[in-house]
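Each residue of the sequence shown is one higher than the one before, starting from 4 at the first, in the numbering used here.
C-beta: ideal position from N, C-alpha, C; glycine also.
Below is one structure, written out as structure tokens, with a few remarks after it.
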Amino acid sequence: GTGGKPAATQPPPRPRRRAAPPKRRRKKKKSRALPLFFLLILTLAGGYYWLAQRQGTWDPVILANYLQGLVENKPKVDPTVNIELSKLKGMFVTNQSAGQLFAISGFAVNRYQHPRSTVTVRGVIYDRKGEPVMQQTVFCGNPLDEAALRTLPWSKIEESMNNQFGEALSNLDIAPGKAVPFTIVFKNLPSEVAEFNVVVVDSRPGSQ
4 GTGGKPAATQ PPPRPRRRAA PPKRRRKKKK SRALPLFFLL ILTLAGGYYW
54 LAQRQGTWDP VILANYLQGL VENKPKVDPT VNIELSKLKG MFVTNQSAGQ
104 LFAISGFAVN RYQHPRSTVT VRGVIYDRKG EPVMQQTVFC GNPLDEAALR
154 TLPWSKIEES MNNQFGEALS NLDIAPGKAV PFTIVFKNLP SEVAEFNVVV
204 VDSRPGSQ
């Protein structure tokens, strides 16, 4: 042999974040019952004003929550609508024992008017045809840096992703406007990883 070094293998291309689907515009239909419609709007606006004064807030989520509580005695709020995802980044990492991993990191921001806890997110990876090929659901508050992803055994990585309360209880009582980091890790990857996306799965009301 020549004794030369083997050629370095090229790292796979970094996947891009999946684009949001275009919103369809709905055609507006003209209604003959406009006076009745405006009367209904005025009635609703009056009721909303009265309720806002009574509850001391104009937040529609809190007011809807209060009304639902009157009917069911069990207030319900959509657990995902006001959790905002930011700074999403995907990368390949070679782990000492588990081989090649794909990790998605980012932040979940609490946009509710009250504290939230146990925020859960799901990462999805897609092939070149746009078909989902793998998914992984994790709790927020458990960030893993590149060094940890390279060296930790897979069992410890899984344990971290499944920690409901987050590192140092960071996934409990997340104040309005506060962001918590997360890391979603995939192993046994498919032959191609072209795109990725993250969606919010759940969050719970904090203890106020």
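Contact check, R20 vs E161, beta carbons under 8 Å: no
Identity of the residues DSSP links to P208 by a beta bridge: R119
DSSP three-state assignment for R21, whether helix, strand or coil: coil
According to DSSP, residues forming a beta bridge with N165: BP columns for N165 are empty, so no partner.
Rounded straight-line distance, which links the Cα of G180 to that of Q167: 20 Å
Cβ distance (whole Å) where A111 is taken to contact F185 below 8 Å: 6 Å
Inter-stretch contact at 8 Å, needing at least 3 Cβ pairs: the stretch 128-140 / the stretch 168-178: no
Beta-carbon proximity of F119 to S206, cut-off 8 Å: Checking the sequence shown, residue 119 turns out to be Arg, not Phe. Yes; because the gap between Cβ atoms is below 8 Å, this pair is in contact.
For S158, three-class secondary structure by DSSP: helix
Alpha carbon of L155 to alpha carbon of Q103, nearest angstrom: 13 Å
Simplified DSSP state of L175, which is helix, strand or coil: coil
Cα-Cα separation, L88 to L45: 36 Å
Alpha carbon of M164 to alpha carbon of V96, nearest angstrom: 16 Å
C-beta atoms of A101 and I187 nearer than 8 Å: no
D81 and Q116 closer than 8 Å at C-beta: no
Among Q139, A151, F41, the one whose alpha carbon lies nearest that of N191: Q139
Contacting residues, own chain, Cβ-Cβ under 7 Å from P193 (five flanking each side not counted): D130, V136, M137
DSSP beta-bridge partners of I107: G93, I187
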